[in-house]
Amino acid sequence: MTYQLPEGFLWGGATADFQFEGGFGEGGRGILSHDYETDGSQENPRHHTMKRSDGSIINPRSSFFYADPVPGDATPIFLENEYYPSHKAVDFYHHYKEDIKLMAGMGFNVFRFSICWSRIFPTGEELEPNEAGLQFYDDVINEMAKYGMEPLITICHDEMPMQLALKYDGWSSRKVIDAYVKYCKVLFERYGDRCRYWLTFNEINAVRGFGPMGTRQSGGQERYQADHHMFVASAMAVKLGHELMPNSQFGAMYAMSELYARTCKPEDVFHRMQERRENWYFIDIMGRGYYPSYSKSVWRNRGVSGIAFEPGDEEILREGQLDFISFSYYRSNTTQAGDDWFNVGGSPNPYLEETPWGWAVDPLGLRHVMNDIFDRIQKPIFIVENGMGAVDVADENDYVEDDYRIDYLKKHLQAMADAINLDGVECLGYTMWAPIDLVSLSTGEMKKRYGFIYVDMDDKGNGSLKRTPKKSYEWMKEIISSNGAKLAE
Ligand code: BG6
1 MTYQLPEGFL
11 WGGATADFQF
21 EGGFGEGGRG
31 ILSHDYETDG
41 SQENPRHHTM
51 KRSDGSIINP
61 RSSFFYADPV
71 PGDATPIFLE
81 NEYYPSHKAV
91 DFYHHYKEDI
101 KLMAGMGFNV
111 FRFSICWSRI
121 FPTGEELEPN
131 EAGLQFYDDV
141 INEMAKYGME
151 PLITICHDEM
161 PMQLALKYDG
171 WSSRKVIDAY
181 VKYCKVLFER
191 YGDRCRYWLT
201 FNEINAVRGF
211 GPMGTRQSGG
221 QERYQADHHM
231 FVASAMAVKL
241 GHELMPNSQF
251 GAMYAMSELY
261 ARTCKPEDVF
271 HRMQERRENW
281 YFIDIMGRGY
291 YPSYSKSVWR
301 NRGVSGIAFE
311 PGDEEILREG
321 QLDFISFSYY
331 RSNTTQAGDD
341 WFNVGGSPNP
351 YLEETPWGWA
361 VDPLGLRHVM
371 NDIFDRIQKP
381 IFIVENGMGA
391 VDVADENDYV
401 EDDYRIDYLK
411 KHLQAMADAI
421 NLDGVECLGY
431 TMWAPIDLVS
441 LSTGEMKKRY
451 GFIYVDMDDK
461 GNGSLKRTPK
471 KSYEWMKEII
481 SSNGAKLAE
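To convert, note that position 138 of the sequence shown is 138 in UniProt numbering; the numbers rise steadily by one, no gaps.
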């Protein structure tokens, strides 16, 4: 059995600006939709802090599945007694040289990061971009180039300038398509000579309400119409990107945890197919360039009467198809007739162990998902997030012996190599989430750590921010230098 991967395979890590970068208020950065999200934990979900027109303060939940819609009369507010993790995150803004050097030390030849939209267009609607923001990413990309590391840029990682979200209810409005395409054009013209790989959106299929997508409701008609606007925006960006950067390759990123029927009862299996279509819907439209015929059944199940198209939408979807399909994979879930997977966020699987955050560990599920996507779309795939959130206990030198992470990654990388070598799946690369500890998206805490590199910082932002490689750092270095072969040991 060999785990050796094809030559040119891309090995790296992935991050998101508001979880990693910090630099709030620096270099002309505008307020981002995530900036009003408090810290939290599994037990105490994070919140958006909001003020109603009568002056009262409310805290709509902003947990992973965005349970509470945001009332129309509420506007965001910063409260002195709250901690907002995006403001400092783990301060890549001031540590980028050190962080890139550490990642290069593992042999990364690609690094996935997202650009903070409000660093480039602080409100989303300026006529000219913010030069200091553009310069920051120039510096990052040039620093990476010193080590032969290619950028994989996420143009929009679940975010937008807050002003766009408030003014237009985010992607509910087609005005945001214009703002997004203008932003993309600036990025392509500025970085296109050094960046081949682009992702138009992160986890576009995940139901996230106010903030990420900007809409006040996280379901129903508004959500599916907003999704359509994102499809059109993505396709316009892909078309423009191909014109301006002939060698560019575009993906969008999908949350693709595996989903099983809980039993072999036909109703459960049928239900599983319907739930899965909620994901295929996104991949099919963007990967094949048209709405599949089952869209009507997806809409019907969600109480949506249909989507408003404008002239030219069908054409642009066809012209702006993705070049590759990228996805995140962390775990698997189960479902049965009567469940609403979006609101459950995972159900126990008696055959699998779970992380402390209840995420089922399922390497074979990764191989299954890789095969499913490749069989269906017949375009290269790219695993752009996979990793294990764990409670790391550091010794007095900040060293962490994270054998559990090595075990998790080893099994998932073996499954990936099997999909490539045994099943014939074409896969461009693997970027592990997240090479350096950062703030958890779903819980807003530091306690849930993913990194090969430990960051001395707690849930409230206290700590020296010192970076220290963990045991998994040396292990991953060996795997990369052997291009996978050492996964056999
Ligand atoms: C993906 C997101 O959903 O999963 C990342 O793209 C996120 O932003 C990652 O951090 C892991 O989730 P969490 O909640 O453990 O940070």
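Think of the CB as a built atom: it goes at the ideal place given N, C-alpha and C, for glycine as much as any other residue.
Nearest residue (CA-CA) to residue i, options the options
i: Arg29; options: Gly40, Tyr93, Pro45; result: Tyr93
i: Trp171; options: Trp198, Thr200, Tyr224; result: Tyr224
i: Ala417; options: Asp437, Leu441, Ile381; result: Ile381
i: Asn371; options: Ser328, Val425, Glu125; result: Val425
i: Val304; options: Ser295, Glu310, Lys146, Gly312; result: Ser295
i: Pro129; options: Pro348, Glu445, Arg119, Gly484; result: Arg119
i: Arg288; options: Gly320, Pro76, Ala261, Pro85; result: Gly320
i: Gly22; options: Asp91, Lys51, Tyr290; result: Asp91
i: Val110; options: Ala14, Tyr183, Ile57; result: Ala14
i: Asn386; options: Ile373, Glu243, Asp392, Ala434; result: Ala434
i: Leu10; options: Arg196, Asp459, Met230, Thr123; result: Arg196
i: Tyr454; options: Asn205, Val391, Lys379; result: Val391
i: Glu354; options: Ala337, Glu26, Tyr330; result: Tyr330
i: Asp313; options: Arg300, Arg174, Gly72, Leu366; result: Arg174
Exposed unless 16 or more other CB atoms sit within 10 angstroms - verdict on residue i
i: Phe78; result: exposed
i: Cys264; result: exposed
i: Glu315; result: exposed
i: Val81; result: As written in the sequence, residue 81 is Asn, which differs from the Val given in the question. Under this definition Asn81 is an exposed residue.
i: Pro161; result: buried
i: Arg194; result: exposed
i: Ala132; result: exposed
i: Val238; result: buried
i: Ile436; result: buried
i: Phe309; result: exposed
i: Ile57; result: exposed
i: Pro45; result: buried
i: Pro350; result: exposed
i: Leu322; result: buried
i: Pro60; result: buried
Range covered by the beta strand (DSSP E) that runs through residue i
i: Val384; result: 381-385
i: Trp280; result: It is not in any beta strand (DSSP E) - Trp280 instead sits in the alpha helix (DSSP H) that spans 266-288.
i: Arg112; result: 110-114
i: Met253; result: 253-255
i: Ile31; result: It is not in any beta strand (DSSP E) - Ile31 carries neither H nor E in the DSSP assignment.
i: Leu199; result: 197-199
i: Val455; result: 453-455
i: Met50; result: 50-52
i: Tyr260; result: 258-261
i: Asn333; result: 332-335
Close Cβ partners of residue i (< 7 Å) along its chain, the five nearest in sequence each way excluded
i: Trp357; result: Gln42, Gly389, Lys448
i: Val298; result: Arg277, Glu278, Tyr281
i: Glu143; result: Tyr96, Lys97, Ile100
i: Ala235; result: Ile316, Leu317, Glu319, Gly320
i: Asn483; result: Gln4, Leu5, Phe9
Neighbourhood of residue i by C-beta distance below 6 Å, restricted to the same chain and skipping five residues each side
i: Ser472; result: Asp402, Arg405, Ile406, Phe452
i: Ser114; result: Ala16, Asp17, Thr154, His157
i: Pro85; result: Asp39, Val439, Gly444
i: Ile373; result: Ile325, Ile381
i: Val269; result: Ala261
Element boundaries [alpha helix (DSSP H), containing residue i]
i: Ile373; result: 363-377
i: Asn142; result: 131-146
i: Gly241; result: 220-244
i: Glu150; result: Careful: Glu150 lies outside any alpha helix (DSSP H), inside the beta strand (DSSP E) at 150-154.
Cut-off 8 Å between Cβ atoms - residues of its own chain near residue i, not counting five sequence neighbours on either side
i: Ala145; result: Arg194
i: Asn301; result: Gln274
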